[in-house]
Amino acid sequence: MTTLTNADKAQVINSRLKNLLYAKYNLDVDKIVENAKSTPTESVIEKYNDSISEINLQISALTAELAKYPVEEA
């Protein structure tokens, strides 16, 4: 049976972190677009803010998890 090394685990977590950062940036861009409207919808902006907050929580959790898998530099 093959097991994942610390480097493998770190790579998976880093990949997920990158995807979350892309998602967060997309939400930031969506907020910019919404705020650029002549009458931005507050509920839409609130939805984006809530989603960004959720992503920040996920990023924090994965960052803490990543610390469990130190990878030695070659």
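Just so we're on the same page, the working numbering is the position in the sequence shown counted from 1, plus 5. Glycine included, every Cβ here is placed at the ideal spot set by N, Cα and C.
Residue burial classification, residue i (beta-carbon count within 10 angstroms, cutoff 16)
i     : result
ILE37 : exposed
TYR53 : buried
Best match in the options for proximity to residue i [C-alpha to C-alpha]
i     : options             : result
SER56 : ASP33, GLU39, SER43 : ASP33
TYR74 : MET6, ASN11, LEU25  : ASN11
Residue i to residue j span [Cα, whole Å]
i     : j     : result
ASN19 : SER58 : 19 Å
VAL17 : LEU71 : 9 Å
THR81 : ASN40 : The question about residue 81 has no answer here: the residues shown for the chain are numbered 6 through 79.
Continuous alpha helix (DSSP H) stretch holding residue i: start and end
i     : result
GLU39 : 11-41
THR46 : No alpha helix (DSSP H) holds THR46; DSSP gives it neither H nor E.
Check: residue i C-beta below 7 Å from any heavy atom of the ligand ZN
i     : result
LEU67 : Ligands in the displayed structure: none, and consequently the ligand ZN is not present.
8 Å contact criterion, which residue i and residue j should meet: CB distance rounded
i     : j     : result
LEU22 : ILE64 : 6 Å
ALA15 : VAL76 : 5 Å
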